[in-house]
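All residue numbers for the sequence shown refer to this note's numbering, where the first residue is 309 and numbers rise by one.
Just below is one structure, and these are the notes that go with it.
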Amino acid sequence: MHVEPNTRIYCSWSGGKDSSLALNHAIQAGAEPGLLVTMLTEGGERSRSHGLRRGLLEAQARAIGVPIAFAATTWDDYEEALTGQLVEAGRQGLRAGVFGDIDIDSHREWVERVAAAAGTKAVHPLWQRDRAELMHELLDLGFRAVLVAVRDGLLPASLLGETIDAAMLDEFERAGIDLAGENGEFHTCVVDGPIFSHPVEIDRGEVVLRDGVWFIDLVPC
């Protein structure tokens, strides 16, 4: 389904490029964002999807001008925790949720089931979009997406902390990876763009290797 004008929505917020682009599409279609929803690790300090600091996610929400809600959870309890957050969003009158899925059918089906269980509807503005078209749209709109994770052996760790640009997309293509990182080749953190009232200032922290993926710790200034 598409989001209707004046619909009050929540957004499943990873802090990365896909959720940013999806939210931008919804806003351009006339939707009114009322909440960002992010799942955290058990300790409640980092996002479960991209490992972003809670403070960085809060800084993004302030720049967007939309409240953010968190739930700390294990992977085993993830669905229950997410459903609880979406139920609360529904209570606030947010009857549709925006998700950044592109083409993994099983994940879309899961998202739609969880959203429906909470009495809301899932919207996928990026569904089945061409990867190159999507990434160039990201750049053309002025989004600044910083690489926060790269899979070891596919992309060099030296790219961590760098902003995606046309030259980096060429490097992705030469590496033979999905240009949008849909198979987990890389993750991003968006720090500026049309949905932001001001840039989110960051410092680069330590780089670590976990489970075959290199991560950089971005610290909000």
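Quick reminder that beta carbons are idealized off the backbone N, C-alpha and C, glycines included.
For residue j and residue i, believed in contact at Cβ under 8 Å, the rounded distance
i: leucine 449; j: asparagine 332; result: 7 Å
i: valine 329; j: leucine 446; result: According to the sequence provided, residue 329 is leucine. The question's valine does not apply to it. With 8 Å as the limit, leucine 329 and leucine 446 qualify as a contact, their Cβ atoms being about 6 Å apart.
i: leucine 462; j: alanine 483; result: 6 Å
i: aspartate 460; j: valine 521; result: 6 Å
i: methionine 443; j: leucine 390; result: Incorrect: roughly 27 Å between the Cβ atoms, too far for contact.
Enclosing beta strand (DSSP E) for residue i [first to last residue]
i: histidine 495; result: 494 to 500
i: isoleucine 524; result: 521 to 528
i: cysteine 326; result: The residue you asked about is not cysteine; residue 326 is aspartate in the sequence shown. Taken as a continuous stretch (DSSP letters only), aspartate 326 belongs to no beta strand (DSSP E), being part of the alpha helix (DSSP H) at 325 to 336.
i: phenylalanine 378; result: 376 to 380
i: aspartate 511; result: 510 to 518
Limits of the alpha helix (DSSP H) - the one that residue i falls within
i: arginine 403; result: Per DSSP, arginine 403 belongs to no alpha helix (DSSP H) and is neither H nor E.
i: serine 322; result: Premise fails: serine 322 is in no alpha helix (DSSP H) and is neither H nor E.
i: alanine 423; result: 413 to 425
Residue from the options with nearest C-alpha to residue i
i: valine 455; options: Phe523, Ala339 and Ala483; result: Per the sequence shown, the amino acid found at residue 455 is leucine instead of valine. Here the closest residue by C-alpha is Phe523.
i: glycine 342; options: Arg370, Thr471 and Cys497; result: Arg370
i: alanine 367; options: Gly392, Glu441, Val516 and Ser505; result: Ser505
i: glutamate 387; options: Ala425, Gly352 and Ile376; result: Ala425
Outcome for residue i when other beta-carbon atoms lying within 10 angstroms are tallied against a minimum of 16
i: alanine 397; result: buried
i: cysteine 319; result: buried
i: glutamate 493; result: buried
Three or more C-beta pairs below 8 Å linking the stretch 431 to 447 and the stretch 347 to 357
Fewer than three pairs of CB atoms, one per stretch, sit closer than 8 Å, so the stretch 431 to 447 makes no contact with the stretch 347 to 357.
For the stretch 466 to 477 against the stretch 412 to 424, do three or more pairs of beta-carbon atoms, one drawn from each stretch, fall closer than 8 Å, so that the two count as touching?
At 8 Å Cβ cutoff, the stretches do not touch.
contact_flag[the stretch 404 to 413, the stretch 369 to 389] where n(CB pairs < 8 Å) is 3 or more:
Judged by Cβ distances under 8 Å, the stretch 404 to 413 makes no contact with the stretch 369 to 389, as fewer than three pairs qualify.
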